[in-house]
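Top to bottom, those sequences are chains A and B. In terms of our numbering, the first sequence has 276 at position 276, counting the first letter as 1, and numbering is strictly consecutive. In terms of our numbering, the second sequence has 85 at position 85, counting the first letter as 1, and numbering is strictly consecutive.
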Amino acid sequence: MSSLNSQGSHALLAELVGLSRWLAVPERRLQAARGLAQRLGADDLLLFTHDPEIEGVLPAPGFARTLPDGRSWRAFLSAVQTHGTYHGELAVPSDGSQQSVLGVAADDGTLVVLLGGAPLPEEVLVLRPLLPMLAAALRGEVATRSATAQAVLAEQSNAEAEALALSLDRARARLEALAHENGRLYREAQEAVRARDQFLSIASHELRTPLTGMKSGVQILRRMHDRGEGSSPRAEQVLQRVEIAVDRLSELTQDLLDVASLRLGRLPLHLQSVDLVHLAKHVAGERREYLDARYTLEVSVVAPTPMVLGDPTRLEQVAANVLDNAIKYSPAGGNISVLLEPHDGGALLHVRDSGIGVPIGCVETIFEPFGRAPNAQRQHVPGMGLGLFLCRQIVEQHAGRVWVESPGENCGTTVNVWLPAAREKCV
Amino acid sequence: MFSGRRVLLVDDDDGIREMLAIGLQDEGLDVRAARDGLQALALLADWHPDAIVLDLMMPTMDGWMFRDEQRRHGLAPGVPVVIVSAALDLDRHVELLGAATSLVKPFDFAALLATLQRVMGDPESLT
């Protein structure tokens, strides 16, 4: 049957394939892979596995996380999956067994091998730099096996040939499907890492802003105090700003805690009858106190609006968030109108602004955790992307709905919150 | 220490802007404040500061665009700029924007004073 060009390569390849069985014992996995890599003279090794005990892409201890040229393993895998993939079933004469192998040999001698017996490979070993001799040997082996299979096919009956071809095709299809699945998992993992990094960056920036106010404010107050001006109107002005910064930091940390709670289940609600009109007027009144002349903020009750059953603290959080968004996303100022009306057996709150709007196709993105519209990010409007996510979770826990309408960028936004009526009179 | 020296303060956060303005005025500085690059450009049209304290991430006109426009219109050329930001990799932004230096938020107020004193130089030596 087939043979490899080099006895040395042959032995290594046999060891590589034999490793797949040995790797079936989880405790030996890293130890075995590392030992093999060292014997091959490889300076990097990644072990990718579906084993829940070793989930994800792990560098073996002592090996680098990136290729010597700076590329990530994932980028490398993507490249070799696009160019030059070799696959087939390899015979290993030393024990006469058959192993399914998908080998991806890159031009630089790097070899990616999906190892494992039927039905599906379980491991991906990436060895670098694998001896170029071995990479070439693998290519030669695959080509030889292919030629041999064709020769066998020519000599056997049509029925046997078709059965063998079908078997080979199925094996190949399984391996290709696995390669495709691995690619998808890599992309998902990459996206998760990117989202985490982006969140850390945004959260860090958002938390630093109120911290800066608190730190500077307290230090300025200390200097005023040392000069005997600690009770001056200017000191009072700074103190008020410090208090606002403390409140802002508390809100941000509360949002983060709420998100953490939601990952464990629902937010606890303390239900009672709530007058949404009163609540909206109260929240708007608080904001009017600090809005400058660029803004107008009006609350209108279109028609008697029913009471709702809800947690007043959580519903105030929703109203405050929606109103704060209207202000924040109107950096040049403008009119903000709050309308309340009865609708579909409940109370409907609309908050309209004339701000930067939401790009077409993004009205759902902004409800995702850490989801922000591209124009908001581009224009450096501060925010962690948690407010509307939390609003929707809270409103839906009240059996209500929240949705956003916007004609597009720079055309303003309307946020609508509908809550079912409590079985009481209208106000 | 700063008697008569002028500082333009550009930051979109109302609290930070107001507190720093009060703190710097208490040290004897003549302070004008802007909430974004656009307001800052308008102030520079008829007022020449000795230093600019500049946040980077601001709505309407951010710090990068402000520097572009400032240079394009030849406003306050050569005036040292101190970047104050929570942005990552501030050293690179200092270089790209031709700023004198930077302070990472949250910074010490005393560090801002020391930085301003350093970048504006000793007024006696300028005369």
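By construction, the Cβ of each residue, glycine as well, lies at the ideal position given by its N, Cα and C atoms. Treat the numbers as computed from the prediction; the structure is a model and nothing was measured.
- Rounded to the nearest whole angstrom, the CA to CA distance from residue 31 of chain B to residue 263 of chain A is 47 angstroms.
- Along the stretch 89-122 of chain B, the positions whose C-beta sits under 9 angstroms from a C-beta of chain A are 104, 105, 106, 107, 108, 109, 110 and 112, read in chain order.
- Closest option to residue 390 of chain A, judged by alpha-carbon separation, among A:406, A:361, A:417 and A:241: A:417.
- Spatial neighbours of residue 13 of chain B in its own chain (CB-CB distance under 7 angstroms, excluding positions within 5 residues in sequence) are not present.
- Bounds of any alpha helix (DSSP H) do not take in residue 381 of chain A, whose DSSP letter is neither H nor E.
- By the rule that beta-carbons nearer than 8 angstroms mark a contact, residue 331 of chain A touches chain B.
- Annotation for residue 403 of chain A: the continuous beta strand (DSSP E) segment containing it runs 401-405.
- Each residue's CA atom was taken as its position, placing residue 252 of chain A and residue 202 of chain A some 12 angstroms apart.
- Residue-level contact by beta carbon fails for residue 406 of chain A and chain B, as no gap is shorter than 8 angstroms.
- Taking one beta carbon from each stretch, the stretch 299-310 of chain A and the stretch 275-290 of chain A have 3 or more pairs nearer than 8 angstroms; the two touch.
- Counting other Cβ atoms within 10 Å of its Cβ, residue 360 of chain A stays below 16 and is therefore classed as exposed.
- Sequence-distant partners of residue 61 of chain B (beyond 5 residues in either direction) whose C-beta falls short of 7 angstroms from its own C-beta, in its chain, are 36, 37 and 38.
- Below 8 angstroms, too few C-beta pairs join the stretch 397-405 of chain A and the stretch 80-100 of chain B to call them touching: fewer than three.
- Boundaries of the beta strand (DSSP E) around residue 307 of chain A: 306-310.
- Excluding its 5 nearest sequence neighbours in each direction, residue 40 of chain B has C-beta neighbours in its own chain below 7 angstroms: 8, 10, 34 and 66, listed in chain order.
- Any Cβ of chain A closer than 8 angstroms to the Cβ of residue 18 of chain B would place that residue at the interface, and such an atom is present.
- Take residue 362 of chain A, set aside five residues on each side of it, and the residues of its chain with a beta-carbon closer than 6 angstroms to its own are 373, in chain order.
- Contact annotation for residue 58 of chain B against chain A: 380 [CB-CB distance below 7 angstroms, chain order].
- Nearest to residue 310 of chain A by C-alpha distance, out of A:284, A:269, A:220 and A:287, is A:269.
- CA-CA distance, residue 118 of chain B to residue 52 of chain B, rounds to 13 angstroms.
- Against chain A, a Cβ distance below 8 angstroms from residue 22 of chain B picks out 220, 234, 237 and 238.
- Nearest to residue 54 of chain B by C-alpha distance, out of B:100, B:92 and B:114, is B:100.
- In this structure, DSSP gives residue 30 of chain B an extended state, which the three-state scheme calls strand.
- Not one beta carbon of chain A lies nearer than 8 angstroms to the beta carbon of residue 34 of chain B.
- Counting along the chain, residue 343 of chain A sits inside the beta strand (DSSP E) bounded by residues 334-343.
- Counting along the chain, the unbroken beta strand (DSSP E) around residue 103 of chain B starts and ends at 101-104.
- A residue is called buried once 16 or more other Cβ atoms fall within 10 Å of its Cβ, and residue 290 of chain A, having fewer, is exposed.
- By alpha-carbon distance to residue 59 of chain B, the top candidate from A:409, A:404, A:414 and A:380 is A:380.
- Residue range 233-264 is occupied by the alpha helix (DSSP H) that includes residue 244 of chain A.
- At least one beta carbon of chain A lies nearer than 8 angstroms to the beta carbon of residue 86 of chain B.
- Taking a cut-off of 8 angstroms for Cβ pairs, the stretch 179-195 of chain A and the stretch 67-83 of chain B do not touch, as fewer than three such pairs fall below it.
- For residue 62 of chain B, the C-beta contacts it makes with chain A under 7 angstroms involve 380, in order along the chain.
- The bridge partners DSSP lists for residue 6 of chain B are B:30.
- Inter-residue distance for residue 209 of chain A and residue 344 of chain A is about 42 angstroms (C-alpha atoms, whole angstroms).
- Annotated as distal: residue 28 of chain B and residue 57 of chain B, with beta-carbon spacing of 8 angstroms or more.
- Residues of the stretch 243-273 of chain A with a C-beta atom less than 7 angstroms from some C-beta of chain B are 244 and 245, listed in chain order.
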